[in-house]
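Peer 1: Sharing a structure here in structure tokens format.
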Amino acid sequence: MPYEVKGVVALSKGAPVTIETIIVPDPGPGEAVVDVQACGVCHTDLHYREGGINDEFPFLLGHEAAGIVSAVGEGVTDVAVGDFVVLNWRAVCGECRACRKGQPQYCFDTHNAAQKMTLADGTELSPALGIGAFAEKTLVHSGQCTKVDPQAPATAAGLLGCGVMAGVGAAINTGAVQRGESVAVFGCGGVGDAAIAGAALAGATTIIAVDIDDRKLQWAKDVGATHTVNSKENDPVEAIKALTGGFGADVTIDAVGHPAVYEQAFYSRDLAGRVVLVGVPRPDMEITLPLLEVFGRGGSLKSSWYGDCLPSRDFPMLVDLYLQGRFPLEAFVSETIALDQVEAAFDKMHKGEVLRSVVVF
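Using numbering that gives the first Met the number 0, the first residue of the sequence shown is number 0, and each one after it goes up by one.
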């Protein structure tokens with residue numbers, strides 16, 4: 000029997016979100032219903048509200064979530080009722096060309112639930128990133144449920160579902176940060192600070208945080224930055240070179256997604272260094288670089304999509320490290336809020352007042 004729950008919906012482009020009654024169907028083959036316990040307010044949700052992802056309104060927002068599986072459909076064997084799970088948007092198919100090459104972290108045909116959740120009048124909803132977790136219950140493909148240690152609080156564990164994993168993965172998976180290396184991270188919001196924490200976890204000895212907000216730079220130090228640069232007051236390229244013996248960093252990470260920032264990341268890396276783009280640029284943005292500089296500096300220019308993560312591998316590992324006191328996951332939770340405070344949380348996020356507001360059910 001379908002469930003009636005309350006959820007946060009973006010009905011039209013740019014309009015404030017509203018609380019609506021959501022109809023969640025019983026899970027079909029390969030699907031699961033999850034009772035959401037907590038869901039982070041991510042910038043991607045704001046992108047959806049503003050029409051920056053696509054125009055398939057109305058959207059059921061929310062995707063950085065953790066909760067308890069309450070029902071499963073036919074053929075589901077990977078999770079069971081009662082499992083504590085973090086939701087992910089890379090439910091690997093096992094059959095696409097990336098999966099067949101043994102690289103499921105790049106899966107090109109990830110699974111989502113086949114059925115649609117709807118408004119009370121039957122209008123079909125587009126769930127954000129195939130999840131839609133600003134709701135008391137949500138319907139997902141069972142592969143979108145990653146079991147983790149239930150000792151972890153949902154408020155912290157759920158953040159692995161997007162922003163924290165994107166940042167940590169940008170450092171560890173995409174940037175392949177090694178022990179003793181130097182890393183510079185541009186942009187110290189949730190994703191950037193997660194990249195800093197990931198670099199610290201990997202054993203980087205010089206971790207330089209770059210931002211224009213001193214408050215954010217302090218947050219960066221709290222999660223592992225060894226040095227900070229306010230790029231409104233200092234040239235970040237020269238500052239990073241000065242902190243790395245005049246050479247530049249081994250790995251530079253653009254967590255902003257802006258051409259000017261990417262150019263700073265490009266010029267502040269060492270020869271044969273790696274540049275990683277994990278910040279999401281706008282569709283109209285372009286960049287021009289001297290091709291001789293691209294060639295002459297060697298190394299690599301990489302883009303990181305979801306931190307090149309494999310949820311079944313990375314989520315449980317990071318939760319375990321958190322429970323061991325080795326990864327500061329709780330530091331990313333700035334505040335806990337109610338479902339009807341999501342619009343206000345968007346405003347705080349836009350002003351840079353929080354790393355993450357987390358909706359608690």
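All C-beta atoms in this analysis are idealised placements derived from N, C-alpha and C, irrespective of residue type, glycine included.
Using a Cβ-Cβ cut-off of 7 Å (strictly less than) and excluding sequence neighbours within five positions of Cys-187, which residues of its own chain qualify?
Peer 2: Position 188 of the sequence shown, counted from the start, is the residue given in the question as residue 187. Excluding five sequence positions before and after Cys-187, the CB atoms of its chain that fall closer than 7 Å to its own CB belong to Ala-208, Asp-210, Lys-215, Leu-216, Trp-218, Ala-219, given in chain order.
Peer 1: Taking only three categories from DSSP, how would you classify Leu-309?
Peer 2: Numbered from 1 along the sequence shown, position 310 holds the residue referred to as residue 309. The answer is coil: DSSP assigns Leu-309 none of H, G, I, E or B.
Peer 1: Return helix, strand or coil for Glu-363, following the three-state DSSP convention.
Peer 2: Residue 363 is absent from the model: the chain starts at 0 and stops at 360.
Peer 1: Along the alpha helix (DSSP H) that carries Ile-239, what are the first and last residues, could you check?
Peer 2: Translated into positions along the sequence shown, residue 239 becomes position 240. Here the alpha helix (DSSP H) through Ile-239 covers 235-242.
Peer 1: Three-state secondary structure (DSSP) at Lys-12?
Peer 2: Against the sequence shown, residue 12 aligns to sequence position 13. Three-state result, Lys-12: coil.
Peer 1: What separation, rounded to the nearest whole angstrom, lies between the Cα atoms of Glu-180 and Thr-204?
Peer 2: Counting from 1 along the sequence shown, the entry for residue 180 is found at position 181. Counting from 1 along the sequence shown, the entry for residue 204 is found at position 205. So the alpha carbons of these two residues sit roughly 6 Å apart.
Peer 1: On the criterion of 16 or more Cβ atoms from any shown chain inside 10 Å, does Val-323 qualify as buried, or is it exposed?
Peer 2: Counting from one through the sequence shown, the residue named residue 323 turns up at place 324. According to the sequence provided, residue 323 is Gln. The question's Val does not apply to it. With fewer than 16 other Cβ atoms within 10 Å, it is exposed.
Peer 1: Check this for me: beta carbons of Val-275 and Val-250, under 8 Å apart or not?
Peer 2: Taking the sequence shown and counting its residues from 1, one reaches residue 275 at position 276. Taking the sequence shown and counting its residues from 1, one reaches residue 250 at position 251. Yes. Within cutoff.
Peer 1: Going by beta-carbon coordinates alone, are Val-222 and Ala-196 separated by less than 8 Å?
Peer 2: Position 223 of the sequence shown, counted from the start, is the residue given in the question as residue 222. Position 197 of the sequence shown, counted from the start, is the residue given in the question as residue 196. Contact: yes.
Peer 1: Which one of Leu-290, Glu-135, Ala-183 has the shortest CA to CA distance from Ala-238?
Peer 2: Numbered from its first residue, the sequence shown carries residue 238 at position 239. Comparing Cα-Cα distances from Ala-238 to each of Leu-290, Glu-135, Ala-183, the minimum goes to Ala-183.
Peer 1: Quick one: Cα of Gly-298 to Cα of Gly-272, how far?
Peer 2: Within the sequence shown, numbered from 1, the residue matching residue 298 stands at position 299. Within the sequence shown, numbered from 1, the residue matching residue 272 stands at position 273. Rounded to the nearest whole angstrom, the C-alpha separation of Gly-298 and Gly-272 is 5 Å.
Peer 1: Any chance you could list the beta strand (DSSP E) runs of at least 3 consecutive residues sitting entirely within the region 125-178, in chain order?
Peer 2: 136-140, 144-146
Peer 1: Identify every run of the alpha helix (DSSP H) within the region 27-108, keeping only runs that are complete inside it and at least 4 residues long; order them along the chain.
Peer 2: 42-48, 96-99
Peer 1: Using only alpha-carbon positions, find the residue among Asp-25, Val-167, Trp-304 that is nearest to Pro-327.
Peer 2: In the sequence shown, residue 327 corresponds to position 328, counting from 1. Closest by alpha carbon: Val-167.
Peer 1: Between Thr-43, Ile-336, Leu-309, which has its C-alpha nearest Gly-101's C-alpha?
Peer 2: What you label residue 101 is simply residue 102 of the sequence shown in a count that begins at 1. Closest option to Gly-101, Cα to Cα, is Leu-309.
Peer 1: With C-beta atoms as the reference, is Thr-335 less than 8 Å away from Thr-154?
Peer 2: Mapped onto the sequence shown, residue 335 falls at position 336. Mapped onto the sequence shown, residue 154 falls at position 155. Yes, these two residues count as a Cβ contact at 8 Å.
Peer 1: On a Cα-Cα basis, can you pick out the residue from Ala-170, Gly-202, Ala-156 that is closest to Arg-178?
Peer 2: To locate residue 178, count along the sequence shown from 1; it is residue 179. When each option's Cα is compared against that of Arg-178, the closest is Gly-202.
Peer 1: Determine the extent of the beta strand (DSSP E) in which Arg-273 is found, giving its start and end residues.
Peer 2: As a position in the sequence shown, residue 273 is number 274, starting the count at 1. 268-276 is the extent of the beta strand (DSSP E) around Arg-273.
Peer 1: By how many angstroms is the C-alpha of Leu-242 removed from the C-alpha of Cys-95?
Peer 2: Translated into the one-based positions of the sequence shown, residue 95 becomes position 96. Translated into the one-based positions of the sequence shown, residue 242 becomes position 243. If you take the alpha carbons of Cys-95 and Leu-242, they lie about 44 Å apart.
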